[in-house]
Amino acid sequence: MRVLEMGATQKRIPVKTAPATAGSESRHLNAPLGSILCSLSYITTDDLKFAQTLQKTSLAPLGRILVAENIISSDQLLVAQSLKYGVPRIPNKGSRPEPDLANLLTANFCRKHCIIPWKKQGRSILIATCDPDQFRANMSAYPELARRTKMALCSKETIYSELTKRHSTAYRRKAETLVPEQQSYRQQNPVKWHGINSIAIGAACGLGLVFMPNLVFLGIVLWACAALTSSNLLKISAALSRRIHSPFHAPPKPGSKTVPASSAAQVITGEMTRVSIIIALYRETEMIEHLLRQIAKLRYPKAQLEVLLMIEDGDTATLSELDRHTLTNIITVHILPAGPIMTKPRALNYGLGFCTGDIIAVYDAEDKPDADQIDLAVARFATAPKEVACLQGILDIYNSKSNWLTRCFTIEYAVWFRLILPGLIKLGFAIPLGGTTVFLRCSALMDVGGWDAHNVTEDADLGIRLARHGYHTEMLSSTTYEEANNRIWPWIRQRSRWLKGYMITYRVHMRSPILLLRQLGWRKFVGFQIIFLASLSQFILAPVLWSFWIIPFGLPHPILPLLGPNGAQAIISFFLTILGADIIISLFALSKTHHRGLGRYTPTLWLYFHLGTLAAFKAGYEMIFSPYFWDKTTHGHSLKSVKTTPMQPPVSQSLTE
């Protein structure tokens, strides 16, 4: 990986520049940072007053505020800090750290604290840092070394660039193996393992169909019906639970006089929480302008916010598009080194090592989050018990009217994020997370090992792993709008990745069912079986159930001799009941959104979900031959035809109904 240097590779918002005056070192030693910056003409007194006003609410260091607000550059801040502390400043170019000091401090320690041993000076060692205020506290972890170190200042970009040159392989392997092996899907030969399993299962079914066709077919039908019944009972229970008591934390009503959520969190905790946003990008040229616009709209104090854009090595198109735009100082761009796998969770793990926030937020390139979303998440974490490690925001669709496919996608999201997930939480089940608008306590995330780099649906796996470690997830009453796939084949590709991830997640956590039961308890264990096994069974065995639609037309069916006419009628009635329940639940979910007009499309959902069967077969094939393949979803097809501002439906009021 290499870190793109701010001001070198990307264009930055221009700032005022002025050289440091000669002979000013002694005059500025230990002087207030603001007065130094003013004397250097880097800022005006109005700039200083503005930053000090922001400091009262954000509680961030003055220098960080000035940089985050693009009033000064990070290099200008280093000039002023070097005068304040009377220490040398290492230039961004023309100087390199001495190679024999590479192992003086651990690679992860250096990355966490933005520190790097630079060179020897007699018996002392010059160590570069981008945070002089915390230098001595950080070096206290090495007390003997700390006594003979001298501090130098260096830009964060230069330090990270040098660290990744030194430790690129170590950082890459760390990202790929952050989750303990027994909780990860990484294995030596997945093709051989799954091939043997598939051949064995296929042979058993084939022999059964040859010697006992009717009985085997009946068993498959009963299994499919059981999966369908359990899933729908869970859906109905979740919907009823959601209707009776909302697990959302209601936002202020429109027009009410309230304190901003971020300020409320400050009052509760006595400090402002720093938030790190990680966004994994791959072939997202169409979304860069949109992404930067959405980042700029976030209301959370910029000085307590950092955004990490993770780019895959070789993705020159995305990098070129970034070069065309001006990046604010809160954004850093990181390039991941090539490795044996290329997945979103690997990128997230890599970015996690560079995060300085107490809360980690995950977004996708196409997202349109509510402007106050981070404020609400921070405020909730401030009041929630420490066991609440994760907040899942609501996902919605901004291109819902693109075509029939996006309309059904919108209905599906309404049911899942506004009824099912909140209901499952109320029922006490562990939930699979969504892939975006996820907020996590950094300490809890590190405790469970981050994301499984070998699971292509890392969000679902993380939700279960958090529950196994005793953590809880809550829903956040804030919405992020996404772009739904509006073409059949890309939809199937995306859904196949999700289903393959469900298969991977189920297999990983069922390696030891007894241990899983002990860690989750009976309630969560049963819920896990329904959410994953029953859901997968529905898609895979759907063709068996489709065959029953020939019975009303008087055509022969292999199971009729076993069921008789009354049994066949009962099964058809069962299917119609399930379909009716789905329609009612979908209509109820839509009533909580501004998509109420999509209600007339709910009867077509049965056809929409038939596409999932094709995706399930594709997922099963990839489980054998390419389990780690990340089938990338291409975004931007509908962006130009919809409004560029997030929609504001009246959902906030209805969340607590």
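No gaps in the numbering here: position 485 of the sequence shown is 468 in the working numbering, and each next residue is one more.
From the three backbone atoms N, C-alpha and C, an ideal C-beta is built for every residue, glycine too.
Asked, Found
"Top-ranked residue by Cα proximity to Pro126, from Leu88, Ile380 and Arg155", "Leu88"
"Chain-order list of residues whose beta-carbon lies under 8 Å from that of Leu388 (same chain, five-residue window excluded)", "Ala467, Asn468, Asn469, Arg470, Ile471, Trp474 and Tyr591"
"Distance CB(Ile534)-CB(Ile555) smaller than 8 Å", "yes"
"8 Å Cβ cutoff met for Ala135 and Pro71", "yes"
"Buried or exposed (CB count within 10 angstroms, at least 16 for buried), Ala348", "buried"
"The beta strand (DSSP E) enclosing His317, as first and last residue numbers", "Ile314 to Leu319"
"Buried versus exposed call for Gly665 [16 or more other C-beta atoms within 10 Å across all chains shown]", "What is shown of the chain runs -16 to 640, which leaves residue 665 out entirely."
"3 or more residues per run - each beta strand (DSSP E) lying fully within the stretch 74 to 133", "98 to 104 and 107 to 112"
"Given Tyr464 as reference, the closest of Ile26, Ser65, Arg106 and Thr420 once Cα atoms are compared", "Thr420"
"Beta-carbon proximity of Ala34 to Leu45, cut-off 8 Å", "yes"
"8 Å Cβ cutoff met for Glu441 and Lys327", "yes"
"Residue(s) in a DSSP beta bridge with Gln375", "Val421 and Met458"
"Completely contained beta strand (DSSP E) runs for the stretch 351 to 417, where each covers 3 or more residues", "371 to 380"
"Sub-8 Å separation of Pro284 and Thr36 beta-carbons", "no"
"Inter-residue spacing [alpha-carbon to alpha-carbon] between Leu428 and His455", "12 Å"
"Spatial distance of Phe422 from Ala360 (CA atoms)", "7 Å"
"When Ala120, Arg47, Tyr168 and Ala300 are compared against Tyr489, the one with the closest alpha-carbon", "Tyr168"
"Contact set for Ile380: own chain, Cβ-Cβ below 7 Å, skip 5 residues either direction", "Thr389, Phe392, Thr393, Tyr396, Tyr464, Glu465 and Ala467"
"Own chain partners of Ala129 with C-beta closer than 8 Å, once the 5 adjacent residues on each side are dropped", "Arg119, Met122 and Ser123"
"Member of Asn438, Ser520, Val509 and Arg501 whose CA lies at the smallest distance from the CA of Arg480", "Asn438"
"Straight-line gap, Phe337 to Ser530 (C-alpha atoms, nearest Å)", "54 Å"
"Own chain, CB closer than 6 Å to Lys102, minus 5 neighbours either side, in chain order", "Glu81 and Leu109"
"The beta strand (DSSP E) enclosing Glu605, as first and last residue numbers", "Glu605 -> not in any beta strand (DSSP E); alpha helix (DSSP H) instead, spanning Leu588 to Phe608."
"Beta-carbon separation (whole angstroms), Ile314 vs Val345, contact threshold 8 Å", "So it is not a contact: roughly 16 Å between Cβ atoms."
"Contact check, Leu264 vs Leu292, beta carbons under 8 Å", "yes"
"Any chain D beta carbon closer than 8 Å to Val527", "Within the model displayed, chain D is absent; a lone protein chain is all it includes."
"DSSP three-state assignment for Glu269, whether helix, strand or coil", "helix"
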